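In this text, residue positions in the sequence shown follow our numbering: the first is 81, and each later residue adds one. Every residue, glycine too, gets a C-beta built ideally from N, C-alpha and C. Keep in mind it's a predicted model, so treat the numbers as computed, not measured. Here is the structure we will look at.
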Amino acid sequence: MARQLRRPLERLRRHTGASLAFAGRVVPDAASGDGHAVELSYFDGDVVGPLRGVQLDYGHGLGGRVLTRRRATAVHDYVQSPLITHTYDAIIRAEQLYSMVAAPIIVGRKHIGVLYAARRSRHDQLDATLDVVTDEARAVEQQLTVAEVLGAIRTDDEERELTAWRSRVQASYTELRTLAADIGDASVRARMLEIAAQLAGEAPAEELPVRLTAREQDVLSLLGAGLTNPAIAARLGIGLHTVKGHVKSLLVKLDANSRFEAVVNARRIRLLP
Numbered sequence: 081m082a083r084q085l086r087r088p089l090e091r092l093r094r095h096t097g098a099s100l101a102f103a104g105r106v107v108p109d110a111a112s113g114d115g116h117a118v119e120l121s122y123f124d125g126d127v128v129g130p131l132r133g134v135q136l137d138y139g140h141g142l143g144g145r146v147l148t149r150r151r152a153t154a155v156h157d158y159v160q161s162p163l164i165t166h167t168y169d170a171i172i173r174a175e176q177l178y179s180m181v182a183a184p185i186i187v188g189r190k191h192i193g194v195l196y197a198a199r200r201s202r203h204d205q206l207d208a209t210l211d212v213v214t215d216e217a218r219a220v221e222q223q224l225t226v227a228e229v230l231g232a233i234r235t236d237d238e239e240r241e242l243t244a245w246r247s248r249v250q251a252s253y254t255e256l257r258t259l260a261a262d263i264g265d266a267s268v269r270a271r272m273l274e275i276a277a278q279l280a281g282e283a284p285a286e287e288l289p290v291r292l293t294a295r296e297q298d299v300l301s302l303l304g305a306g307l308t309n310p311a312i313a314a315r316l317g318i319g320l321h322t323v324k325g326h327v328k329s330l331l332v333k334l335d336a337n338s339r340f341e342a343v344v345n346a347r348r349i350r351l352l353p
């Protein structure tokens with residue numbers, strides 16, 4: 081998971097202002113020999129205490145809560161929160177952490193890990209952080225799902241080659257659409273969008289079962305590239321709430337329950353490469 085988590089953790093700390101962004105993966109419980117635990121193995125930011133390598137029991141602490149409940153949770157004061165058990169308070173105190181947000185990473189029905197953003201001071205406004213952590217967890221799930229599907233049907237060399245090729249095509253498609261938005265000449269802009277459509281293999285507009293606005297298509301292309309809502313807002317120069325509105329509209333139009341499903345459905349009907 082290290083490859084899938086490095087950039088999400090960097091983005092998480094940058095976009096939330098967290099003192100420490102970290103993640104744990106689900107592993108067999110070394111103490112009991114049965115069941116599972118969450119091993120904290122991936123970090124962005126300074127680790128000043130004993131957090132690295134700690135194994136957390138299911139159901140305990142914030143990570144255990146989000147896994148058993150399968151949804152993100154925020155605590156303003158970890159050691160005083162009534163929402164969680166306090167098995168790991170000594171570790172949290174030693175790490176000097178205070179406010180914390182965590183989201184589960186789940187692929188299919190399988191628990192994969194937990195993503196965290198933590199501050200070394202009290203922070204009462206955690207809604208935005210909760211959104212970012214949730215978005216990054218969903219992005220990691222998408223990457224892991226794609227990797228799992230490709231790995232099941234291709235050799236390692238084929239997987240690497242296909243992943244690199246698709247990444248280049250997706251990056252070129254996204255860059256063309258982003259650049260086109262800044263072009264004042266209508267004919268040049270139209271030609272750039274036409275080339276982008278060719279990269280995606282888009283069907284003629286009259287044959288598409290779904291009609292998207294130009295901005296929805298821009299947002300969709302960045303979703304396909306794995307960007308989170310804050311990153312999309314920064315890339316397009318629009319507000320975070322505007323991005324959320326476009327994502328919500330895309331989920332409806334593409335008959336999807338998640339960002340990943342929206343991207344999959346869009347690729348199936350040739351709205352994305």
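Euclidean distance between Cα positions of residue i and residue j
{"i": "residue 286", "j": "residue 341", "result": "Unreliable positioning characterises residue 286 in this predicted model, as indicated by a pLDDT of 48, which lies under 50. The coordinate reading is nonetheless provided below. Whole-angstrom Cα-Cα distance: 23 Å."}
{"i": "residue 320", "j": "residue 327", "result": "11 Å"}
{"i": "residue 97", "j": "residue 307", "result": "18 Å"}
{"i": "residue 257", "j": "residue 351", "result": "13 Å"}
{"i": "residue 338", "j": "residue 331", "result": "7 Å"}
{"i": "residue 104", "j": "residue 159", "result": "20 Å"}
{"i": "residue 172", "j": "residue 131", "result": "8 Å"}
{"i": "residue 334", "j": "residue 343", "result": "9 Å"}
{"i": "residue 252", "j": "residue 176", "result": "43 Å"}
{"i": "residue 90", "j": "residue 209", "result": "14 Å"}
{"i": "residue 134", "j": "residue 222", "result": "26 Å"}
{"i": "residue 193", "j": "residue 127", "result": "19 Å"}
{"i": "residue 348", "j": "residue 290", "result": "12 Å"}
{"i": "residue 296", "j": "residue 119", "result": "39 Å"}
{"i": "residue 318", "j": "residue 311", "result": "10 Å"}
{"i": "residue 248", "j": "residue 174", "result": "44 Å"}
{"i": "residue 309", "j": "residue 92", "result": "12 Å"}
{"i": "residue 260", "j": "residue 293", "result": "15 Å"}
{"i": "residue 211", "j": "residue 241", "result": "33 Å"}
Simplified DSSP assignment, three categories, for residue i
{"i": "residue 177", "result": "coil"}
{"i": "residue 304", "result": "helix"}
{"i": "residue 163", "result": "coil"}
{"i": "residue 100", "result": "strand"}
{"i": "residue 276", "result": "helix"}
{"i": "residue 88", "result": "helix"}
{"i": "residue 290", "result": "coil"}
Contact check, residue i vs residue j, beta carbons under 8 Å
{"i": "residue 220", "j": "residue 85", "result": "yes"}
{"i": "residue 304", "j": "residue 277", "result": "no"}
{"i": "residue 195", "j": "residue 228", "result": "no"}
{"i": "residue 156", "j": "residue 204", "result": "yes"}
{"i": "residue 198", "j": "residue 121", "result": "no"}
{"i": "residue 101", "j": "residue 129", "result": "no"}
{"i": "residue 313", "j": "residue 213", "result": "no"}
{"i": "residue 300", "j": "residue 315", "result": "no"}
{"i": "residue 162", "j": "residue 279", "result": "no"}
{"i": "residue 106", "j": "residue 191", "result": "yes"}
Any non-hydrogen atom of the ligand COA within 7 Å of residue i CB
{"i": "residue 347", "result": "You won't find the ligand COA in this model; it holds no ligand whatsoever."}
Within the region 185 to 212, ranges of the beta strand (DSSP E) (whole runs, at least 3 residues):
190 to 198
At 4 residues or longer, and completely inside the region 116 to 156: list those alpha helix (DSSP H) runs for me, N to C.
141 to 149
Does the region 262 to 272 come close enough to the region 172 to 183 that 3 or more CB-CB pairs lie under 8 Å?
no
Would the region 163 to 171 count as touching the region 135 to 148 if we require 3 or more Cβ pairs under 8 Å?
These segments touch.
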